[in-house]
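Novice: Have a look at this one before I ask anything.
In this note's numbering, the protein residues as written are 16 to 89.
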């Protein structure tokens, strides 16, 4: 499970880095295009950070717990 999380994490870090690079690139565009580009890049960066946080804060469970969490309670 950690291997999958690691691969997804690498993708999310790369996505965040591209968002930062795009922010600087968008600064050279005309004003209306710059504003639109930067809004999308900020959303992309924030979502990638949020996904990274959720990815590593989730606790993996067994398949039985996911199907019926009350099955093992007595």
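All residues carry an ideal CB built from backbone N, CA and C; glycine is no exception.
Please list, in chain order, all residues of the same chain as residue 16 whose beta carbon is under 8 Å from its beta carbon, the five residues on each side excluded.
Specialist: These residues qualify, in order along the chain: 75.
Novice: So, is residue 56 buried or exposed, given that buried needs 16 or more other C-beta atoms within 10 angstroms?
Specialist: So residue 56 ends up on the buried side.
Novice: Mapping the DSSP letters down to three states, classify residue 47 as helix, strand or coil.
Specialist: Residue state, collapsed to three classes: helix.
Novice: Alpha carbon to alpha carbon, what distance is there between residue 68 and residue 24?
Specialist: About 10 Å.
Novice: Have a look at residue 41 and residue 58 and give me their C-alpha separation to the nearest angstrom.
Specialist: Answer to the nearest angstrom: the Cα atoms are 14 Å apart.
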